[in-house]
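K.L.:
Number 250 in our numbering belongs to position 246 of the sequence shown; there are no gaps in the numbering. Even for Gly, the Cβ is constructed at its ideal location relative to N, Cα and C.
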Amino acid sequence: MNPSRRPLIAGNWKMFNGGRAGVELAEACVAFARDLPGVDVVIAPPYTALAAVADTIDGSPVALAAQNLYPKDQGPFTGEISGPMLEECGCTWVIVGHSERRQIFGETDAFVAEKTSAALAHDLLPIVCVGETLQQREAGETLRVVKQQIDAFLDVIARTPKAVAIAYEPVWAIGTGKTAGPTEAEEVHAAIRSWLEKKDADLAKRTRILYGGSVKADNAAALLACPNVDGALVGGASLDAGSFGAIARAARRPS
Ligand code: 13P
Numbered sequence: 005m006n007p008s009r010r011p012l013i014a015g016n017w018k019m020f021n022g023g024r025a026g027v028e029l030a031e032a033c034v035a036f037a038r039d040l041p042g043v044d045v046v047i048a049p050p051y052t053a054l055a056a057v058a059d060t061i062d063g064s065p066v067a068l069a070a071q072n073l074y075p076k077d078q079g080p081f082t083g084e085i086s087g088p089m090l091e092e093c094g095c096t097w098v099i100v101g102h103s104e105r106r107q108i109f110g111e112t113d114a115f116v117a118e119k120t121s122a123a124l125a126h127d128l129l130p131i132v133c134v135g136e137t138l139q140q141r142e143a144g145e146t147l148r149v150v151k152q153q154i155d156a157f158l159d160v161i162a163r164t165p166k167a168v169a170i171a172y173e174p175v176w177a178i179g180t181g182k183t184a185g186p187t188e189a190e191e192v193h194a195a196i197r198s199w200l201e202k203k204d205a206d207l208a209k210r211t212r213i214l215y216g217g218s219v220k221a222d223n224a225a226a227l228l229a230c231p232n233v234d235g236a237l238v239g240g241a242s243l244d245a246g247s248f249g250a251i252a253r254a255a256r257r258p259s
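1) Would you call the segment 34-47 in contact with the segment 244-252, where contact means no fewer than 3 C-beta pairs closer than 8 Å?
2) Under 7 Å: does the beta carbon of Val66 sit that close to some heavy atom of the ligand 13P?
3) Can you tell me whether Asp44 is buried or exposed, with buried defined as 16 or more other CB within 10 angstroms of its CB?
4) Hey, out of Thr120, Glu188, Ile161 and Trp97, whose CA is closest to Gly135's CA?
5) When you compare each of Gly87, Leu227 and Gln153 to Ile196 by their alpha carbons, which one comes out closest?
6) Where does the unbroken alpha helix (DSSP H) through Leu29 begin, and where does it stop?
7) Check whether the Cβ atoms of Ile251 and Val233 lie closer than 8 Å to each other.
8) I'd like to know whether the C-beta atoms of Asp77 and Gly87 end up nearer to each other than 8 Å.
9) For the beta strand (DSSP E) that contains Val129, what are its first and last residues?
10) Nearest-angstrom Cα distance between Lys220 and Gly26?
11) Measuring from the CB of Ala162, is there a heavy atom of the ligand 13P at a distance below 7 Å?
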């Protein structure tokens, strides 16, 4: 692993823990993150918990992410939240293009690129998600599909010196208990790194590529040991501070 790519462990809480429970979970994350100076810990609560969680983690090593944004600063977009609003809430990261948004809310590659660009315009580092469905994997289309998703925002992330993150989350592994094995994950991560490298050598060096999809305390170490896996985007297991902390500890590198 390149030493400049510090391990990054992000918890996507999805539509859970929107109030008091979110603050309690954040407090528990702060407690374990203080003992992990070599690992970047990020949590992504629902919008309704962002401000309270921002207060809870203030001054701690835990960083705040939103789960989505709308790519306009303000306007008549009922129900949407903009980059400046997220920044004001204390977010420094934002998840973009999660497969649940692509699949349930019909987000296209072009829209995901627009959101990535809006995030970067507002000092929010995007974690841009990509990944194939089971049908696409079984048809041998994994690399083609993932490359197409990445090509849509490659110019956007190459234009900035900021270090964005890409999360490879095979759709068939999300919330199913099925994980890509380390070999399967590394194959896709290495391919992603090679496409970044082809675009710009420094882009490949600074971009962290996270794995997501049923990451748990007991499979994290093997996945995180892969040379091109720089961290994890964790769903279900991030709702329990014990499990999430164990995953973050598995990301520690020998100093
Ligand atoms: P699970 O860890 O619950 O499979 O979710 C993964 C995910 O979608 C993270 O964004």
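P.N.:
The answer reads as follows:
1) yes
2) For the purposes of this step, residue 66 is taken as the residue at position 62 of the sequence shown. Outside the cutoff, so no.
3) The sequence position of residue 44 within the sequence shown is 40, counting from 1. Its Cβ being crowded by 16 or more others within 10 Å, Asp44 is buried.
4) Counting from 1 along the sequence shown, the entry for residue 135 is found at position 131. The option with the nearest alpha carbon to Gly135 is Glu188.
5) Stepping through the sequence shown from its first residue, residue 196 is reached at position 192. Residue Gln153 is the option with its Cα nearest to Ile196.
6) Residue numbering aside, residue 29 sits at position 25 when the sequence shown is read from its first letter. Element bounds for Leu29: Arg24 to Ala37.
7) As a working mapping, residue 251 is identified with position 247 in the sequence shown. As a working mapping, residue 233 is identified with position 229 in the sequence shown. The answer is no: Cβ separation not under 8 Å.
8) Within the sequence shown, the letter at position 73 stands for residue 77. Within the sequence shown, the letter at position 83 stands for residue 87. Yes, Cβ-Cβ distance for Asp77 and Gly87 is below 8 Å.
9) Walking along the sequence shown from the start, residue 129 turns up at place 125. In the sequence as displayed, the identity of residue 129 is Leu instead of Val. First-last of the beta strand (DSSP E) with Leu129: Leu129 to Val134.
10) Translated into positions along the sequence shown, residue 220 becomes position 216. Translated into positions along the sequence shown, residue 26 becomes position 22. Between Lys220 and Gly26, the C-alpha separation is close to 20 Å.
11) Residue mapping note: residue 162 aligns to position 158 of the sequence shown, counting from 1. Every heavy atom of the ligand 13P is 7 Å or more from the Cβ of Ala162, so no.
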